[in-house]
Amino acid sequence: MKKPGFLLSAVTGALLSMAGIAATGAAEPLKVGFVYVSPISDAGWTFQHETGRRQMAAALGDRVVTKFVEQVPEGGEAERVIRQFAADGYGLVFTTSFGYMNPTIKVAKRFPDTKFEHATGYKRDKNVGTYNVRFYEGRYLAGIVAGSMSKSNTAGYVAAFPIPEVLMGINAFTLGMQSVNPKATTKVIWTNSWYDPGREREAADVLVTQGADVLTHHTDSTAVVQRAEDRGIYAVGYHSDMSKYGPRAHLTAVTHHWGDFYTRLTQEVIEGKWTSRDVWGGIAAGMVSLAPINPAVPKEIVALVKDKEEAIRNGTFHPFQGPVRDQQGGMRIAGGTTISDEDLLKMEWYVEGVQGKLPR
Amino acid sequence: MIRLEPRPRASKAMRYLSPVIAAALTGVCGVIFSALAGLDPLDTFYAFFIAPIDDRYGLGELGVKAAPLMLIATGLAIGFRSNVWNIGAEGQLTLGAVSGGGLVLLFYDSGSAWLLPGAVVAGAIGGMLWAAIPAILRTRFNTNEILVSLMLNYVALLLLSYLVHGPWRDPEGFNFPESRLFPDSAMLPVILADTRLHLGFLFAVAAVAIGWVFVRRSFIGYQMRVAGLAGGAAEYAGFNRARMIWIGLLAGGAAAGVAGICEAAGPIGQLLPSISPGYGYAAIIVAFVGRLHPIGILLASLLMSLLYLGGEAAQMELGLPSAVTGIFQGVLLFLLLAVDLFVNYRVRFKTTVVEEALS
Amino acid sequence: METATAIFLATLAAGTPLVFAALGELVAEKSGVLNLGVEGMMIAGAVLAFLVAAETGVLWLGVLAAVLAGAAMAALFAVVTLSFQANQVAAGLALTIFGIGASAYLGLDYTGVALKGIGPVDIPVLGELPVIGPLLFALDPLVYLSFVMFAAVVWFLYRTKAGLVLRGIGESPASAHAIGYPVIGIRYLAVLFGGAMAGLGGAYLALAYTPLWVEAMTAGRGWIALALVVFGTWRPGRVMLGAYLFGGITIVQFHVQAIGIDLPPQVLSMLPYLATIVVLVLISRHAGMIRINAPASLGMSYHPAA
Numbered sequence: 004m005k006k007p008g009f010l011l012s013a014v015t016g017a018l019l020s021m022a023g024i025a026a027t028g029a030a031e032p033l034k035v036g037f038v039y040v041s042p043i044s045d046a047g048w049t050f051q052h053e054t055g056r057r058q059m060a061a062a063l064g065d066r067v068v069t070k071f072v073e074q075v076p077e078g079g080e081a082e083r084v085i086r087q088f089a090a091d092g093y094g095l096v097f098t099t100s101f102g103y104m105n106p107t108i109k110v111a112k113r114f115p116d117t118k119f120e121h122a123t124g125y126k127r128d129k130n131v132g133t134y135n136v137r138f139y140e141g142r143y144l145a146g147i148v149a150g151s152m153s154k155s156n157t158a159g160y161v162a163a164f165p166i167p168e169v170l171m172g173i174n175a176f177t178l179g180m181q182s183v184n185p186k187a188t189t190k191v192i193w194t195n196s197w198y199d200p201g202r203e204r205e206a207a208d209v210l211v212t213q214g215a216d217v218l219t220h221h222t223d224s225t226a227v228v229q230r231a232e233d234r235g236i237y238a239v240g241y242h243s244d245m246s247k248y249g250p251r252a253h254l255t256a257v258t259h260h261w262g263d264f265y266t267r268l269t270q271e272v273i274e275g276k277w278t279s280r281d282v283w284g285g286i287a288a289g290m291v292s293l294a295p296i297n298p299a300v301p302k303e304i305v306a307l308v309k310d311k312e313e314a315i316r317n318g319t320f321h322p323f324q325g326p327v328r329d330q331q332g333g334m335r336i337a338g339g340t341t342i343s344d345e346d347l348l349k350m351e352w353y354v355e356g357v358q359g360k361l362p363r
Numbered sequence: 152m153i154r155l156e157p158r159p160r161a162s163k164a165m166r167y168l169s170p171v172i173a174a175a176l177t178g179v180c181g182v183i184f185s186a187l188a189g190l191d192p193l194d195t196f197y198a199f200f201i202a203p204i205d206d207r208y209g210l211g212e213l214g215v216k217a218a219p220l221m222l223i224a225t226g227l228a229i230g231f232r233s234n235v236w237n238i239g240a241e242g243q244l245t246l247g248a249v250s251g252g253g254l255v256l257l258f259y260d261s262g263s264a265w266l267l268p269g270a271v272v273a274g275a276i277g278g279m280l281w282a283a284i285p286a287i288l289r290t291r292f293n294t295n296e297i298l299v300s301l302m303l304n305y306v307a308l309l310l311l312s313y314l315v316h317g318p319w320r321d322p323e324g325f326n327f328p329e330s331r332l333f334p335d336s337a338m339l340p341v342i343l344a345d346t347r348l349h350l351g352f353l354f355a356v357a358a359v360a361i362g363w364v365f366v367r368r369s370f371i372g373y374q375m376r377v378a379g380l381a382g383g384a385a386e387y388a389g390f391n392r393a394r395m396i397w398i399g400l401l402a403g404g405a406a407a408g409v410a411g412i413c414e415a416a417g418p419i420g421q422l423l424p425s426i427s428p429g430y431g432y433a434a435i436i437v438a439f440v441g442r443l444h445p446i447g448i449l450l451a452s453l454l455m456s457l458l459y460l461g462g463e464a465a466q467m468e469l470g471l472p473s474a475v476t477g478i479f480q481g482v483l484l485f486l487l488l489a490v491d492l493f494v495n496y497r498v499r500f501k502t503t504v505v506e507e508a509l510s
Numbered sequence: 002m003e004t005a006t007a008i009f010l011a012t013l014a015a016g017t018p019l020v021f022a023a024l025g026e027l028v029a030e031k032s033g034v035l036n037l038g039v040e041g042m043m044i045a046g047a048v049l050a051f052l053v054a055a056e057t058g059v060l061w062l063g064v065l066a067a068v069l070a071g072a073a074m075a076a077l078f079a080v081v082t083l084s085f086q087a088n089q090v091a092a093g094l095a096l097t098i099f100g101i102g103a104s105a106y107l108g109l110d111y112t113g114v115a116l117k118g119i120g121p122v123d124i125p126v127l128g129e130l131p132v133i134g135p136l137l138f139a140l141d142p143l144v145y146l147s148f149v150m151f152a153a154v155v156w157f158l159y160r161t162k163a164g165l166v167l168r169g170i171g172e173s174p175a176s177a178h179a180i181g182y183p184v185i186g187i188r189y190l191a192v193l194f195g196g197a198m199a200g201l202g203g204a205y206l207a208l209a210y211t212p213l214w215v216e217a218m219t220a221g222r223g224w225i226a227l228a229l230v231v232f233g234t235w236r237p238g239r240v241m242l243g244a245y246l247f248g249g250i251t252i253v254q255f256h257v258q259a260i261g262i263d264l265p266p267q268v269l270s271m272l273p274y275l276a277t278i279v280v281l282v283l284i285s286r287h288a289g290m291i292r293i294n295a296p297a298s299l300g301m302s303y304h305p306a307a
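Those protein sequence lines, which keep their order, are chains G, Z and D.
If you read the first sequence in our numbering, its first letter stands for residue 4, the second for the next number, and so on.
If you read the second sequence in our numbering, its first letter stands for residue 152, the second for the next number, and so on.
If you read the third sequence in our numbering, its first letter stands for residue 2, the second for the next number, and so on.
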């Protein structure tokens, strides 16, 4: 999939939105800004958000004008960009990386009339809401697929940094595998970078050598799926459907979708119904899903995945449903209970079956 | 046949003109580029150079971004003048933030008025210690300082990453890789109301002044200048090379360290996995664009800061991708280096025969 | 045994882009020119390799484009430093910054494009031999090319008159000029060769190692290549060994991680850099080794009329 010429689309986009202003006349369109941490062409996190922005802009037509700034470093730089949007009269600003949390809160205090939405954070304010996706729901389902396809009972997980969001994914994936394959274990390698294809490939190779026959990743490139294809094993992609990078190897992918959410939120702001809250949407909200499952996966497993997906959707099943033991054998989630959202967000332990020690 | 002829003495006029010519030529490249991209060159120019600083806040931001560049470049220039190539400012900056920030986190609840000055001093020491590694390896074992200081950049970043992912993580921060927010007593005061311009900018201006005095008025500064221009002569005169290496690296390290803690205790207000958006590398360009001269560095850091801000504004206003900023920086530096030729040489058009006879 | 084979192969692959770039830089430095722009030339090679391969569907055209792109970047550097006498350190840094920006711009439309990369060769009988089959006869063609280039560089530098002249220029451009050799011309060629090789290293990354394009995908490997030249005291054999050593340490630290050792991953990731520093120190302690092999005029501008 090739994106259209970037400059051209940006320019025509601006022209179209200007035409929009002229047409509607009375009703000012809402200006919506997006702040991205990496280039929109990163094929991972930012690309999904950019896809969401385009969907929203298309859905709301001349009622909105959207702009984005890419590759904004977290920390001191972000505050200026966020503030600039607010100062330019933007009514709604989406800040799409965890490190934008404190800058967003700071700017929001000075611009009470602008609404801010910060992704993956935990600090809110009168005009700051937060949103995130329950990736772990998708990870659990992907784990079912991986667990059923593994012959060595070992999965390899290439991950960037040991933060709760990544740990949730590793644990949910492992629990998903164990639900169909009780002997299944997961090996983890940390690359210390969201974004270094070379290291991701090296980590993938090492995991294969150590016996993993299905790989997945929580990093931003497609290198792991490509490597699995070359090495003749299976892989689960992340962010978007990566099957074109490994048509044989790609079992499925955990994908996240922001378009509907962005459209809904923006509409709320336009209609004056917006309130500050935390949105943590999963399968039920359509914010996370699985890419089409590889035909090599047995029918009954596909059916099982569908069942579990439905159960998660209607709330009868939770991936972190007790009893769940941690690596040391301690009971973390008692039988008959499910984990609280707060414990999930702070997660700092491995479930039984994840190998290696959690770095601290 | 075009031929270069050395000038009897370096052209003073060209020395000052060449950065201006380079900047103008970069502007020309910008015009051609925007024409190719189908944009109105005037719009591009406005977005890049005017829009970012057309209000008070924008001017403040210009200073916020220029401060670390100015500080680091002034420190580095002292070494560069005597051919001490410290390209590890990024790591020294990180260590400055680590040691200054570490002090703040250690005495988090003290509320002491000494916390901030202490943190700045600790930052300087941290940067100096990190720069002392290539210095000692260079003077004791003759190990190339370019490579050692560069390798240490990666090590410093990983060290900071370890600290904020592990021991220095905010206990109330949902296990995210960030330290606690610094207490107000450890934050640099803002010096221009309604902006983010902080005390660090004055540190940077002070550093420029100190750098100027050092280069122009001190004997060791003179020695280092001579060593840079003519290494053989300096050796002959018995100048102490090891001392120059130490001073060159420590000056850069101290400046970068202060810049690091000023970022943490200024615009950022905490420790994050990454403190600098590449200031340590950009400062090298600033040092050269400023011709290693303190006043030149002051101007060059403002220009470089404007280029960054302009890159962001061009994204917002014109939808230009962020990669364009990097291209402009590279082109500017290249042109400057090329134009520099005319400081020491002039162009003559001669026939080949004469050329042979001359050489 | 299987693990050892796997580590060996992974090391070979991880070291190959470094071998290309470092050998190229070695030749340039032997002529007395220090080009710190390896990272920029490498990334230019990577983006053009991918772009051309994706557009034409011919992988080898991509490789060729990378060679030309690397050389073109080097030419820019050569003009500024050799003809215009600019400071080599500053020009090299400018080249890197320019290369990263320009490649990001050129590659905008190519992230997310899938490409079947250069795979291992398929040698019928030899490739199926036990143990040595996969180790020696089932590598990808660019790895073999890196061996060939290594042999070529050794042969050129130490077995040909031209190589002797090049090394002589690196030692003393003034004397070489006095004897009548075109110092600037030969340095131009050496720098262009360095650029072409860095471009090859980039092509290996974008077409074979991880067949994809993302911004800044060289991730500092150009800088490592620079360190390897000093690390190897300007000797091709040691430079090549150093490249594999660096690649190997990365692979081994991942193995250690996956086995589950109680060390923060950040500390393990520091190992390749710390090891490089330690080896640099060990080598440079013997001043003699540096003095014998380091080109005496390295990094200094030379103008015949001066």
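C-beta: ideal position from N, C-alpha, C; glycine also.
Would residue i pass as a contact of residue j if the rule is Cβ separation under 9 Å?
i, j, result
"residue 240 of chain Z", "residue 462 of chain Z", "no"
"residue 51 of chain G", "residue 283 of chain G", "no"
"residue 208 of chain D", "residue 133 of chain D", "no"
"residue 163 of chain G", "residue 201 of chain G", "no"
"residue 305 of chain Z", "residue 242 of chain Z", "yes"
"residue 286 of chain Z", "residue 443 of chain Z", "no"
Shortest alpha-carbon distance to residue i belongs to which of the options?
i, options, result
"residue 194 of chain G", "D/269, D/168, D/126", "D/269"
"residue 117 of chain G", "G/128, G/143, G/89", "G/89"
"residue 240 of chain D", "D/226, D/253, D/250, D/200", "D/226"
"residue 214 of chain Z", "Z/224, Z/457, Z/283, Z/231", "Z/457"
"residue 251 of chain D", "D/238, D/260, D/271", "D/271"
"residue 145 of chain G", "G/239, G/323, G/360, G/244", "G/239"
"residue 42 of chain D", "D/103, D/111, D/126, D/230", "D/103"
"residue 403 of chain Z", "Z/278, Z/178, Z/173, Z/270", "Z/278"
"residue 260 of chain D", "G/280, G/180, G/221, G/210", "G/210"
Taking the C-alpha atoms as reference points, what is the distance between residue i and residue j?
i, j, result
"residue 311 of chain Z", "residue 265 of chain D", "12 Å"
"residue 31 of chain D", "residue 285 of chain G", "59 Å"
"residue 183 of chain D", "residue 83 of chain D", "12 Å"
"residue 236 of chain D", "residue 283 of chain D", "16 Å"
"residue 293 of chain G", "residue 83 of chain G", "37 Å"
"residue 111 of chain D", "residue 204 of chain D", "15 Å"
"residue 24 of chain G", "residue 349 of chain G", "A caution first: residue 24 of chain G carries a pLDDT of 42, below 50, which makes its placement in the model unreliable, though a value can still be read off. Cα-Cα distance, rounded: 45 Å."
"residue 124 of chain D", "residue 139 of chain D", "7 Å"
"residue 242 of chain D", "residue 12 of chain D", "11 Å"
"residue 182 of chain G", "residue 142 of chain G", "13 Å"
Tell me which residue opens and which closes the beta strand (DSSP E) that residue i is part of.
i, result
"residue 357 of chain G", "Residue 357 of chain G -> no beta strand (DSSP E), and no H or E assigned at all."
"residue 292 of chain G", "291-293"
"residue 73 of chain D", "Careful: residue 73 of chain D lies outside any beta strand (DSSP E), inside the alpha helix (DSSP H) at 60-79."
Assuming residue i is part of the alpha helix (DSSP H), what are its boundary residues?
i, result
"residue 300 of chain G", "Run containing residue 300 of chain G: none; DSSP gives neither H nor E here."
"residue 163 of chain Z", "163-187"
"residue 30 of chain G", "Per DSSP, residue 30 of chain G belongs to no alpha helix (DSSP H) and is neither H nor E."
Could you pull out every unbroken alpha helix (DSSP H) segment of at least 4 residues lying fully inside the region 259-283 of chain G, listed in chain order? Segments of the alpha helix (DSSP H) lying fully in the region 259-283 of chain G: 262-273.
Whole runs of the beta strand (DSSP E) within the region 79-153 of chain G, excluding any shorter than 3 residues: As far as the region 79-153 of chain G is concerned, its whole beta strand (DSSP E) runs of at least 3 residues are 95-98, 118-122, 131-136.
Whole beta strand (DSSP E) runs in the region 388-437 of chain Z with 3 or more residues, listed along the chain? The region 388-437 of chain Z contains no whole beta strand (DSSP E) run of 3 or more residues.
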